[in-house]
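S.K.:
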Amino acid sequence: MSTTISQEQLSPALLLAQVVDATAAAAKENRAIARIGYEAVTTLVTGTTTEVTIRTGGHQFTIDEPPILAGTNLGASPVEHLLASLGSCQVITYQVWAAKLGIELESVEVAVTGDLDVHGFFGLDPEVRPGFQSIGVKVRLNGPETNERYAALTKAVDEHCPVLDVLTVGVPVRSVFSYNES
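Take the sequence shown: its position 23, counted from the start at 1, is 246 in my numbering, and no numbers get skipped.
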């Protein structure tokens, strides 16, 4: 008598491992399906100074600035979203690589901080970058594995986290402009 296990019966870690393995195998077999395009459309909310509506992948949310930058604080700021993007991508990459390496994780927490000097943003000092001067990442992993296994996992995450790669290696940005079009 054979027993079939449904996806609902699998632990989240085993389900993730199966999906990761299947996706990696399919991408290796057919490189064309390995490329995934993303798009975010951002629009200033009419009548506001800094409130922006974001539409991406079937989701919609608001980004805004705090009152000190003329915003109404209806959403996290763009730079807070950048920090959140790095932190959430790290958490997901830890989960994926733990599944790939057979490493058990009970919890993953990533705290990301950034130091920004508005002298750059406001053009007050040409020596100051308009973006973050530095970003700090603090990772807390818990589980039954040895510190050596978690160190190997951390190395894999640092090598494969997409948002970390964009921030540390950079990516070309191509802009196209149009003016006074409907």
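Beta carbons: idealized from backbone N, C-alpha and C, even for Gly.
So the candidates are E368, D340, Y317, E262; which of them puts its Cα closest to the Cα of F355?
M.R.: The count along the sequence shown starts at 1 and reaches residue 355 at position 132. Among E368, D340, Y317, E262, the Cα nearest to that of F355 is on D340.
S.K.: Label Y261 either buried or exposed according to how many other C-beta atoms from any shown protein chain fall within 10 Å of its C-beta, with 16 as the threshold for buried.
M.R.: Looking up residue 261 in the sequence shown gives position 38. Exposed, because fewer than 16 other Cβ atoms sit within 10 Å of the Cβ of Y261.
S.K.: To the nearest angstrom, how far is it from the Cα of I256 to the Cα of G346?
M.R.: Here residue 256 corresponds to residue number 33 of the sequence shown, with the count starting at 1. Here residue 346 corresponds to residue number 123 of the sequence shown, with the count starting at 1. Spanning the two alpha carbons is a distance of roughly 43 Å.
S.K.: Look at Q313 and C384 and say whether their C-beta atoms are less than 8 Å apart.
M.R.: In the sequence shown, residue 313 corresponds to position 90, counting from 1. In the sequence shown, residue 384 corresponds to position 161, counting from 1. In contact: Q313 and C384 (Cβ atoms closer than 8 Å).
S.K.: Any contact of the stretch 281-298 with the stretch 321-329, i.e. 3+ C-beta pairs under 8 Å?
M.R.: Counting Cβ pairs under 8 Å, fewer than three are found: no touch.
S.K.: Where does T272 sit, in a helix, a strand or coil, going by DSSP?
M.R.: Position 49 of the sequence shown holds residue 272. T272: coil per DSSP, three-state reduction.
S.K.: State yes or no: is the C-beta of N365 within less than 8 Å of the C-beta of S330?
M.R.: Within the sequence shown, the letter at position 142 stands for residue 365. Within the sequence shown, the letter at position 107 stands for residue 330. Contact flag set, yes.
S.K.: Note the first and the last residue of the continuous beta strand (DSSP E) segment covering N365.
M.R.: Here the question's residue 365 lines up with position 142 in the sequence shown. From DSSP, the beta strand (DSSP E) with N365 extends over 355-365.
S.K.: Can you list, in chain order, the stretches of the beta strand (DSSP E) that have 3 or more residues and sit fully within the stretch 236-303?
M.R.: Runs of the beta strand (DSSP E) inside the stretch 236-303: 264-267, 275-279, 282-286.
S.K.: Could you tell me the alpha carbon to alpha carbon distance between T226 and E327, rounded to whole angstroms?
M.R.: Counted from its first residue, the sequence shown places residue 226 at position 3. Counted from its first residue, the sequence shown places residue 327 at position 104. Caution is warranted here: a pLDDT of 49 is assigned to T226, below 50, making its placement in the model unreliable, and no coordinate value can be reported.
S.K.: Give the DSSP bridge partners of G337, in chain order.
M.R.: Working through the sequence shown from its first residue, we reach residue 337 at position 114. Partner(s): I358.
S.K.: Taking a contact to mean a Cβ-Cβ separation below 8 Å, would you say D381 touches L390 in this structure?
M.R.: The residue given as residue 381 occupies position 158 in the sequence shown. The residue given as residue 390 occupies position 167 in the sequence shown. For D381 and L390, no; Cβs fall outside 8 Å.
S.K.: Nearest-angstrom Cα distance between T273 and A250?
M.R.: Position 50 of the sequence shown, counting from 1, holds the residue named residue 273. Position 27 of the sequence shown, counting from 1, holds the residue named residue 250. C-alpha separation (whole angstroms): 40 Å.
S.K.: How many whole angstroms separate the CB atoms of A307 and A299, which I take to be in contact at a CB cut-off of 8 Å?
M.R.: Looking up residue 307 in the sequence shown gives position 84. Looking up residue 299 in the sequence shown gives position 76. Right, the Cβ-Cβ distance comes to about 7 Å (below 8 Å), so this counts as a contact.
S.K.: If you check the beta carbons only, do G359 and V333 fall under 8 Å apart?
M.R.: One-based indexing of the sequence shown puts residue 359 at position 136. One-based indexing of the sequence shown puts residue 333 at position 110. Not in contact: G359 and V333 (Cβ atoms no closer than 8 Å).
S.K.: Could you tell me the alpha carbon to alpha carbon distance between H304 and T336, rounded to whole angstroms?
M.R.: Mapped onto the sequence shown, residue 304 falls at position 81. Mapped onto the sequence shown, residue 336 falls at position 113. If you take the alpha carbons of H304 and T336, they lie about 11 Å apart.
S.K.: With a 10 Å radius around its C-beta and 16 neighbouring C-beta atoms as the bar for buried, classify L267 as buried or exposed.
M.R.: Taking the sequence shown and counting its residues from 1, the one referred to as residue 267 is at position 44. Exposed, since its Cβ has fewer than 16 Cβ neighbours within 10 Å.
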